[in-house]
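Undergrad: For the protein sequence lines, the chains are A and B, in the order given. Just so we're aligned: the first sequence equals residues 53 to 1070 in this note's numbering. Just so we're aligned: the second sequence equals residues 237 to 696 in this note's numbering.
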Amino acid sequence: MGKKNIYWKGFEELNKNSEIVEKLEQNEFVEKIPVGEGDKDNNPNRRDFLKYAGFSTAAAAIVGCEGPVIKSVPYVVQPDRIIPGIANYYATTIADGFDFSSILVKTREGRPIFIKGNKDANSMNCTNARINASVLSMYDIYRLQGPKVEGQNISWNDFNLSVISELERLSSQNKKVVLLTQSFASPTTEKIISEFIQKYPNVQHVIYDSISNSSALDAFENSYGQRALADYDFSLSNTIISIDADFMSDWQGGNYSSGWSKNRVPNKENEYSMSYHLQFESNMTLTGANADNRVMANPSELRYVLQSIYLNLTNQKYSGPALGPYLDRYVKLAVESIKKSGKKAVVISGLDDVDSQEIVLMINEFINSDAFDISSPRLIYQGSDSELLNTISELKSGNISGIITAGVNPGYTLPNAEEFLNLVNKLEFSLCFSMKEDETANSCKYVAATPHYLESWGDYEFKTGHYYLSQPTIKPLFDTNQFQDVILTLSGSNNNFYDEIKNNWRSNILKGKTWGKSLQDGFYYSYENNIPRRIKTSANLVNLPIQNTDELDLILYTKVGLGDGQQSSNPWLQEFPDPITRVTWDNYLTVSYKDAERLGLKNYNVSNGALNGSYVNVSNEKNSIKVPVIIQPGQTPGTVGLALGYGKTQAMSEHMNIGVNAYKFYNDFKKTQKVNISKIKGDHEFACIQLHNTMMGRDEIIKETTLEEFIEKDKSIWNPTVMVSKNHIETKVTSKEVDIWREFDRSTGHHFNLSIDLNKCNGCGACVIACHAENNVPVVGKEEVRKSRDMHWIRIDRYYSSQDTIQGDVEAKDSTKGFSEYKSTSSNLEKASANPQVVFQPVSCMHCNHAPCETVCPVAATSHGRQGQNQMAYNRCVGTRYCANNCPYKVRRFNWFQYSQNDEFDYNMNNDLGRMVINPDVNVRSRGVMEKCSLCIQMTQKTILDAKKEGRRVKDGEFKTACSESCDDNAMVFGDINDKESEILKVKDGDRTYRVLESIGTKPNVIYQVKIRNTKKI
Amino acid sequence: MSSHYEAPIRKPLVLGDKSYADISNDIARPVETPPDRDWWIAFSISMIIFLWGLGCIAYTIGTGIGTWGLNKTVGWAWDITNFVWWVGIGHAGTLISAVLLLFRQKWRMGINRSAEAMTIFSVIQAGLFPVIHMGRPWLIYWFFPIPNQFGSLWVNFNSPLLWDVFAISTYLTVSLVFWWTGLLPDFAMIRDRAVKPFRKKIYSLLSFGWSGRAKDWQRFEEVSLVLAGLATPLVLSVHTIVSFDFATSVIPGWHTTIFPPYFVAGAIFSGFAMVQTLLIIMRKVSRLESYITLQHIEMMNIVIMITGSIVGCAYITELFIAWYSGVEYEQYAFLNRATGPYWWAYFLMMSCNVVSPQVMWIKKIRTNIIWSFIISIVVNIGMWFERFVIIVTSLHRDYLPSSWTMFSPTFVDIGIFLGTIGFFFVLFLLYARSFPVVAQAEIKTILKSSGEIYKKNRDK
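Structure follows, in structure tokens:
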């Protein structure tokens, strides 16, 4: 006894001089810890990332006490600046060639999980659905994980060496190489590229915008000598005349709706005025849907409408073809409105011919429009159609020996993509910078894996004098190198891109602001007022006959969801319902009633309500595609619409591989094309989340009034208090007498209200995606959406009028007498008008103070919070769905299946990488559980706790929800109505406030503001 | 009370030249003889359907409610339709045995045993649905106000679903006790006749040691009366509470004060129809024509006709009130029921429940067995559709048109429903071969007053 026991670990210990024993004594761990700069392993950087960013991805999947137990590893050494549970925000910039915006990125334990607009930036600070969703595109398992040569993995060193040798060979033989890139709008990138071209003079830089803005750029260049786009500030206009410009979504880089919405609410401060917005267009666009008057015209008519407005305005005689009385009336109205508003008017156009764009510039100059900004024009697009066409013909003729692509995917976006890929295949040298092994990458010899923009550095000049910076918000997940760094290496520079930006900004851009501060802010602004001189003084008038053939005009457009298609493997965006058609997971041909009837095309609902549509063959001389049809109210007869950005096939999972590739019709990069359409057999199965399109004249859902009525008449006329009958006496629904409930005292603590202004909301859907990201809303896939099982916590209902106006519907319903008339009116009201008025209404949980859902839950899983929220205790829910049935607003969403970590739902929540986007503050719900909007209780609670820690009251404006935060148009105001100073209280007590379905007595905490239309009657 | 004088104008309730021994023999025969081939065929088919239904239930619980055709707007469809349908069917038993006992309706004696059996079996089917329709059925015990360690978690006494739990469980308990009480002398009869020791053992266990003493009979009578008194309010309460699931909600088409009486009438209606269906077959198969006579069938047809008319009245009242209320949602809900995409369901409901029982005004039809059988089936189809119409057509188009959609069942929905029918028949077929299917002890009490042979003798 007393002798210390020795425990042998192995036979090796018998050997006193064993190396292994010695090693074991020195090292705590037998194997090398996978830490440090990566070596030859497949994904050392990923491991590396995990070390620095915390081994905490698993924490994201924390579920209730019954859920699977997931072990998470705590920090051994806590990284600087990262405190578990506390989010860090970084200012950065997105510029992917289609979307351009200054943004703030929320990171949790080193993972970017949420994106919002950088409201401190002076311009280009809006976020749309695509930008909000772009954070998920980073966590895409289909991303390239390292550089490849001919499909084989290779190290960056070897990659660079062999590319350099190839380039040097081509350079010495003076063989031409084309550098085909997106528009970078980046001063330092331009510098780097020019240095690269200096090193290799055989390289020609060609800019390619997948969605062309060439005609507007050409017009601006012709007029002012600079390749740029005029910028507009719609908040400065009282009259907006738009001819086919969808400025609320993607027109000329977007970011316009926030300006538009500023001038849409008449109130005391602005002397009860609001802008008048007249839209001439062919497709039903988001912008047209929000216009005060919407006029349907086909593309050739649109040109003459613009021309006629110009000539009438400048007192010249219009001599083009007759437009007919309908269009003439609106042209007259447009001209009168412009004259009346003078400087406060603006005319814009999305017509893609140079002449029309020149006319637009001349009109705005003529009226000296306040909104029209050419002193600081947009530089975000630079591409030229003719240059690109030249390049392609040179490729065909064999003048070009090599190609380098960056930020573009011509193998998908070119109309003759297959031919292009064949040509690229034959080239001596082909190098593709890409995040994915997409169509182009598959045809190139060298594929350089590039990081996502959230992993990259960058600088931008979106507008003259408006500079932006982007910085990595996470260490690259994969073995990637950004385009600029590789180009620097190829040019023989020892600098990296970060150094280049810093040096360039310090020496050329920054004046008086430090680099550090600029990086923290994400932008730098140096304004010089230099209005460019006009170099061309006359406009060419269009001289084309108005179409008179059997062919239809195909108008290609980009959807709010997928845009140009570069994020088409993003499940949030695929499941995002189109604001107009509310169809998810598809593109389709929008056809007018008239043409549908002529061609025998149908949309119908099958037995479970799901929407089916006929197929047509869309063909021109080169292509013929089978496309499903959506019959679109408001589509101009003789025109059809088709969204670009779908039908991508490479580098994405099979169930994302949907829709048709409309780029095949994008000949000469013109959005208007002549096509033939013929019906073919079979029906397409759509996943549409709104199967009924009209409001049935139910004025308790959306309240509307006209501007005149709003100004002249009392609130009791246009927003009367809802009355209910009690003992045959009409009593206010708000009075205590009709209330059968005992009221709680809500005067202490916080009481949250959310106000949604229907005059400002344009239905863009940025809030839908923001909610997706913040609340871990699952993606359920096309089949489930088709079964009406979409999971969005906030949806944007879109109603068409059945009469000419929404008001007309209400009147039609109210004036109905007798049963047979009632029956016929009701069935008439189900059908949307051929050119309807449109209204959007975001609907989330209303957080009723007298919630029907709360009383019926047998286990009290949903109950009322002290702060006014209707809360959902997921752990307690047993899933009877009684609450959902009893919800008059139908906002509750049920987990019909297990949506996370289930191979049947193979979206981002089914892989470790995709789950990195999960917000650790919010549960991932299990199957059989009801879920719904929580008014972002995790955000409000954090605000309260922060204030408590700092020993102060919560300031007004601090409370936010994901949706209110994402709304660039400020349509959503959220706050505490017990704070007497708060904005929400002012809004709530305003005259326009109403509550949806108030007569039921649910007393919602989500309130709406009456929509005011400035519609002009002719 | 057995051998009092009965007016000759009353039709005899026991036909044929039956002695007490004959009654014992007739009732015990199905229990004492081995089942024939037809029984086996019927049993096998029921069993197969039942097992298929069990498979569908297992699939649902294993995969999720998503295997059904439900969606965000229509959160209940076949599940609750079937639930209400089965509960409704379960109404006839108690009505026949309790209410008719209190009203001294002797004709109930031929049918009450099977009607009660049917009640219990259908309440078992009904009870399945609230469990399997849950998203997380393994948490079913959270429905009960049991002490727990979750903190102070308690059930929500405001919820009609919780009231259902109490209503249905009370009903099942009282019905079972009532049924079993009536069964005691009959089990004892079989026990006394049994030769094989095993059978004797079983039936003596089932008969709870019934000895047939006068005290036994006295207590038997008293307990029956007390239980009848207890069960009578249940006849009204159960379906009233089931109707509260809908009536207390805010959904147009559900939020209706007429629901309690309307549901009770409908329940009796469908319950009698189901009794009719079962007994018409059973009297033939088990050769019980002497006890379940044409008069019984006619009586039940009259009840069906009357309750059918009450239900029809309720349908029309609903339509009237929808118009009279001036509430646009209510008006549209009923317009949509009658003329919307589910018009065919409404049409089936109206024609099966309101029109078809009206033919019972014709004596020839209501005393015709084939017609009675057909109409009893038609009524049950109609009553299923009534619940489908109430649940699905109200939900599928409620307040906000943006959420309007439709419902279509999947094979799982259908499989589970068929499975419960299979289960029901499995139970009923087993019952028909092991239980005394007619309350022979009670029949014997009226043999001398209402038996055909005794009446004839008296008239002579």
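Each residue gets a CB set at the ideal place from its N, CA and C atoms; glycine is no exception.
#1: Just verifying my parser: in three-state terms, what is the DSSP assignment at glycine 277 of chain A?
#2: Would asparagine 394 of chain B count as contacting chain A if we go by Cβ distances under 8 Å?
#3: Using 8 Å as the threshold, is the C-beta distance between asparagine 184 of chain A and alanine 662 of chain A below it?
#4: State yes or no: is the C-beta of serine 275 of chain A within less than 8 Å of the C-beta of glutamate 410 of chain A?
#5: Under 6 Å Cβ to Cβ from glutamate 118 of chain A, same chain only, skipping five residues before and after it: list those, please.
#6: Between serine 638 of chain B and chain A, is the shortest Cβ-Cβ distance under 8 Å, so that the two count as touching?
#7: Answer yes or no: does any C-beta atom of chain A fall closer than 8 Å to that of tyrosine 256 of chain B?
#8: DSSP three-state label for lysine 788 of chain A, please.
#9: Check the C-beta distance from phenylalanine 514 of chain A over to isoleucine 432 of chain A and give it rounded, since I have them as a contact under 8 Å.
#10: Please confirm whether valine 625 of chain B has its beta-carbon closer than 8 Å to some beta-carbon of chain A.
#11: Alpha helix (DSSP H) containing asparagine 922 of chain A: first to last residue?
#12: Hey, out of B:Ala313, B:Val267, B:Gly291 and B:Ile293, whose CA is closest to threonine 629 of chain B's CA?
#13: Who are the Cβ neighbours of proline 496 of chain B in its own chain at under 6 Å, not counting the five residues just before and after it?
#14: Among the candidates A:Val255, A:Cys1019 and A:Gln618, whose CA atom is the shortest distance from the CA of lysine 171 of chain A?
#15: For isoleucine 379 of chain B, go through chain A and note every residue whose CB falls closer than 8 Å to its CB, in chain order.
#16: Take serine 787 of chain A and list the residues in its own chain whose beta-carbon comes closer than 6 Å to its own, dropping the five residues that flank it on each side.
#17: Hey, could you find the ends of the alpha helix (DSSP H) asparagine 261 of chain B is sitting in?
#18: Measuring CB to CB, does serine 960 of chain A end up less than 8 Å from valine 820 of chain A?
#19: Have a look at tyrosine 191 of chain A and phenylalanine 946 of chain A and give me their C-alpha separation to the nearest angstrom.
#20: Could you name the residues of the same chain whose beta carbon sits closer than 6 Å to that of tyrosine 667 of chain B, not counting the 5 residues immediately before and after it, in chain order?
#21: Rounding to the nearest angstrom, what Cα-Cα distance links histidine 504 of chain A and leucine 363 of chain A in this structure?
#22: Would lysine 726 of chain A pass as an interface residue toward chain B - the criterion being a Cβ-Cβ separation below 8 Å?
#23: Would you report the Cα separation of glutamate 480 of chain A and isoleucine 452 of chain A, rounded to the nearest angstrom?
#24: Are the beta-carbon atoms of tyrosine 1061 of chain A and aspartate 809 of chain A separated by less than 8 Å?
#25: Is the Cβ of threonine 907 of chain A closer than 8 Å to any Cβ of chain B?
#26: Determine the extent of the beta strand (DSSP E) in which valine 681 of chain A is found, giving its start and end residues.
#27: At least one CB of chain A closer than 8 Å to the CB of isoleucine 245 of chain B: is that the case?
#28: Assess, as a yes-or-no matter, whether the stretch 899–918 of chain A is touched by the stretch 873–886 of chain A under the definition of 3 or more beta carbon pairs within less than 8 Å.
#29: Any chance the stretch 636–645 of chain B sits against the stretch 649–669 of chain A, with 3 or more Cβ pairs inside 8 Å?
#30: Should histidine 803 of chain A go down as buried or exposed, given a rule of 16 or more other Cβ atoms within 10 Å for buried?
#31: Output, in sequence order along the chain, the residues in the stretch 573–585 of chain B whose CB is closer than 7 Å to any CB in chain A.
#32: Would you list, in chain order, the members of the stretch 957–982 of chain A that have their beta-carbon closer than 9 Å to a beta-carbon of chain B?
#33: Can you find a CB in chain B that lies within less than 8 Å of the CB of glycine 686 of chain A?
#34: Can you look up histidine 504 of chain A in the DSSP assignment and give me helix, strand or coil?
#35: Can you name the start and end residues of the beta strand (DSSP E) that methionine 775 of chain A belongs to?
#36: Between threonine 656 of chain B and isoleucine 297 of chain B, what straight-line distance do the alpha-carbon atoms span, to the nearest angstrom?
TA: From the atom records:
#1: It is coil, neither helix nor strand.
#2: Chain A contact via Cβ: present.
#3: In terms of Cβ geometry, asparagine 184 of chain A and alanine 662 of chain A do not form a close pair [threshold 8 Å].
#4: Yes. Within cutoff.
#5: Any reading at glutamate 118 of chain A must be qualified, since the residue scores a pLDDT of 49, below 50, and its modelled position is unreliable; no value is offered.
#6: By the rule that beta-carbons nearer than 8 Å mark a contact, serine 638 of chain B touches chain A.
#7: Residue contact with chain A for tyrosine 256 of chain B: absent (no Cβ-Cβ distance below 8 Å to any residue of chain A).
#8: Under the three-state reduction of DSSP output, lysine 788 of chain A falls in the helix class.
#9: So it is a contact: roughly 5 Å between Cβ atoms.
#10: Judged by the 8 Å Cβ criterion, valine 625 of chain B is not in contact with chain A.
#11: Careful: asparagine 922 of chain A lies outside any alpha helix (DSSP H), inside the beta strand (DSSP E) at 922–924.
#12: Of the candidates B:Ala313, B:Val267, B:Gly291 and B:Ile293, the one whose C-alpha sits nearest the C-alpha of threonine 629 of chain B is B:Ala313.
#13: By the criterion of a C-beta distance shorter than 6 Å, proline 496 of chain B is surrounded in its chain by Thr476 and Ser479, once the five residues flanking it on both sides are discounted.
#14: In terms of CA proximity to lysine 171 of chain A, A:Cys1019 leads the group A:Val255, A:Cys1019 and A:Gln618.
#15: Correcting the residue identity first, residue 379 of chain B is phenylalanine in this sequence and not isoleucine. What phenylalanine 379 of chain B touches in chain A, judged by beta-carbon distance under 8 Å, is Pro910, Val911 and Val930, going in chain order.
#16: Within the same chain, serine 787 of chain A has no close Cβ partners at all.
#17: That run of the alpha helix (DSSP H) goes 256–268.
#18: A quick correction: the sequence has asparagine, not serine, at residue 960 of chain A. Not closer than 8 Å, so no.
#19: Taking the straight line from one Cα to the other gives about 26 Å.
#20: Ala353.
#21: The C-alpha of histidine 504 of chain A lies about 48 Å from the C-alpha of leucine 363 of chain A.
#22: At a cut-off of 8 Å between beta carbons, lysine 726 of chain A makes no contact with chain B.
#23: Linking glutamate 480 of chain A to isoleucine 452 of chain A through their CA atoms gives a straight-line distance of about 9 Å.
#24: Sequence check: residue 1061 of chain A is glutamine here, not tyrosine. Yes.
#25: Using a Cβ-Cβ cut-off of 8 Å, threonine 907 of chain A counts as an interface residue toward chain B, since at least one Cβ of chain B sits closer than that to its own.
#26: If you look at valine 681 of chain A, you'll find it in the beta strand (DSSP E) that goes 676–683.
#27: The beta carbon of isoleucine 245 of chain B sits no closer than 8 Å to any beta carbon of chain A.
#28: Fewer than three beta-carbon pairs drawn from the stretch 873–886 of chain A and the stretch 899–918 of chain A are found closer than 8 Å, and the two stretches are therefore not classed as touching.
#29: As far as the Cβ criterion goes, the stretch 636–645 of chain B touches the stretch 649–669 of chain A, which means the pair count is three or higher.
#30: The residue is buried, with at least 16 neighbouring Cβ atoms inside 10 Å.
#31: Listed by position, the residues of the stretch 573–585 of chain B near chain A (Cβ gap below 7 Å) are Thr575.
#32: Result list: Ser978, Arg979, Gly980, Val981 and Met982.
#33: It does not; no Cβ of chain B falls within 8 Å.
#34: Coil.
#35: Per DSSP, methionine 775 of chain A belongs to the beta strand (DSSP E) from 775–778.
#36: Going by the C-alpha atoms only, they are around 16 Å apart.
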